[in-house]
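Residue numbering for the sequence shown follows our numbering, beginning at 109 and increasing consecutively.
Where is the CB? At the ideal position from N, CA and C, for every residue including glycine.
To keep things clear, I will list the structure first and then write my remarks on it.
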Amino acid sequence: MRPSSSLFFDVRGLKYHIREWGNKKGKPLFLLHGWMDVSASFQFTVEHLSRDWRVLAPDWRGFGLSEWTKTEYWFQDYVADFNCIVEKLAPTGTISLVGHSMGGNIAGIFAGVRPDKISRLVLAEGFAIRPVNVNKSPERYIKWFDCIKSPKRLRPYSTFSDVAKRLITNTPNMDPKNAEFLALHWAHKTKFGTIELRADPKHKHPSPALYQSNEALSYWKRIKSPVMWIHSDSNWLKNFMKYQFSEINIYRKAFEKLTESTIEGSSHMMHLDQPKKFAKTIENFLID
């Protein structure tokens, strides 16, 4: 496998980890992972990139090798963290940006706030917002208060092979060897001998702050660069977002220069079960 190196530096008071592959003088290509994922998940995508990129993938706060917060997690912090990372690692010129799922939502906001920084943007099933009922906002606060009082815990595993089995259960088409590799980055062995995920359980807490489609549209309308949406051919998007696909057309119209592509044979975790197709799709778009 292509070797990666690790960069550690302070980002807004937290020790952040950024994984780096390729030519340090190459065009910056940032890969942003999703919720309950880690930067190492992009290892298999990087294997199939043909250009001489400088690939940079952060572990978001509370994931992977980045430091956990002492309090709760707020979506706006991910965007602010990424802005600091870009200013440190790519202070001049533009960047190519790919975001998966939650990482796609972060990428979409950043690209709308700083449109002149982006040369091309790829949103891999990270371009839609789950509908929310504002009338249930008080209930969200109550659930959040309950989690603060009794924090959630992530279940431990007996072996790294058990973690790999979970990866394959969630992503059936994933290469078992890749699952074994990723398990060593997804999880770690504690001083008690158990295997636990490298993720702060507080990420499982509901947020009282609502992120609504009108807000997302305001960012997307400011994006100047070409944008690609990537879909899996599963029903994840429809099932998770719980909306009619007519709403997707509203989102489409927010982007000035939009193209779309579907990764055949993929689940939502397309970078894990179809990394070659995923890499080819994003690279063909980025260098077009």
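When C-alpha distances from A291 are compared across P199, S369 and K273, the shortest belongs to K273. Around the beta carbon of N286, a 10 Å sphere encloses 16 or more other beta carbons of the protein chains shown; the residue is thus reported as buried. Short of 8 Å from the beta carbon of S114, and not among the five residues preceding or following it, lie these beta carbons of its own chain, in chain order: H125, I126, R127, E128 and L173. A direct Cα-to-Cα measurement between P136 and F268 gives close to 33 Å.
Fewer than three Cβ pairs drawn from the stretch 176–184 and the stretch 151–158 lie within less than 8 Å of each other, which leaves the two stretches out of contact. Between I331 and L229, the gap from beta carbon to beta carbon is short of 8 Å.
Residue state for H376 is assigned as coil, using DSSP reduced to three classes. By the neighbour-count definition (other C-beta atoms within 10 Å, threshold 16), R120 is an exposed residue.
Contact between G212 and F190 is ruled out by a C-beta separation of about 12 Å, above the 8 Å threshold.
Under DSSP, the beta-bridge partners assigned to E304 are H296. For F235, the three-state secondary structure derived from DSSP is coil.
Taking the Cα of S245 as reference, the smallest distance to any Cα among K297, I217 and P314 is reached at P314. Residue pairing for F138: DSSP places it in a beta bridge opposite L164 and L205.
With distances taken between CA atoms, L380 lies nearest to D145 out of M336, Q320 and D145. The secondary-structure analysis by DSSP pairs E391 with nothing; it has no beta-bridge partner. The C-beta separation of L394 from S149 comes to about 19 Å, leaving the pair out of contact by the 8 Å criterion. L139 sits buried, since 16 or more C-beta atoms from the chains shown fall within 10 Å of its C-beta. One thing to note: G216 has its Cβ within 8 Å of the Cβ of Y327. Exposed is the label assigned to G201, since fewer than 16 other Cβ atoms lie within 10 Å of its Cβ. Secondary structure at I331: coil, using DSSP grouped into helix, strand and coil.
Selection T302, W168 and M336 evaluated against L366 yields M336 as nearest (Cα-Cα).
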